[in-house]
Amino acid sequence: QVQLVESGGGLAQPGGSLRLSCVASERIASFRAMGWYRRAPGLQRTAVAIITSGGTTNYVDSAKGRFTISRDNAKNTVYLQMNNLKPEDTAVYYCNAENELRGYWGQGTQVTVSS
1163 QVQLVESGGG
1173 LAQPGGSLRL
1183 SCVASERIAS
1193 FRAMGWYRRA
1203 PGLQRTAVAI
1213 ITSGGTTNYV
1223 DSAKGRFTIS
1233 RDNAKNTVYL
1243 QMNNLKPEDT
1253 AVYYCNAENE
1263 LRGYWGQGTQ
1273 VTVSS
């Protein structure tokens, strides 16, 4: 069973930055894609940023220019650097990993953007 453990969430002021980390229990190079999703209060979970095994990245429009997803295969870790945070970024952020058979989810980390 693949385990994904997120960290790095917390409270940030508008305009501030946070970096989320997701450590996998298996080689992340084996996953065809990894990504970050978020669930804001009262809303469904939605994709924020995806990175494929080949390094291709995709972002939701609201994250473009502010967030950067990256991966360190040697550390089995995927990161989400979030800059210029806005109150509407407040959500629980989840790490996801996809292989040929199924997807896996972490437990989530809370990000709150407030002054």
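With this note's numbering applied, the sequence shown covers 1163 to 1277. Ideal Cβ placement from N, Cα and C applies to all residues, glycine included. Computed from a predicted structure; not experimentally measured.
Next on the checklist: Could you pull the DSSP bridge partners for F1229 from this structure?
Outcome noted: M1244
Checklist entry - Does the count of Cβ pairs from the region 1257 to 1266 and the region 1175 to 1192 closer than 8 Å reach three? => result yes
Next on the checklist: So, with DSSP's three-state summary, where would you put N1235?
Outcome noted: helix
Checklist entry - Does the separation of the CB atoms of M1244 and S1192 fall below 9 Å? => result no
Checklist entry - Just how far apart, CA to CA, sit T1218 and K1226? => result 14 Å
Checklist entry - What is the residue span of the beta strand (DSSP E) that R1194 lies within? => result Counting along the chain, R1194 falls outside any beta strand (DSSP E), and DSSP gives it neither H nor E.
Item to check | Span separating the alpha-carbon of G1177 from that of R1200 | outcome: 19 Å
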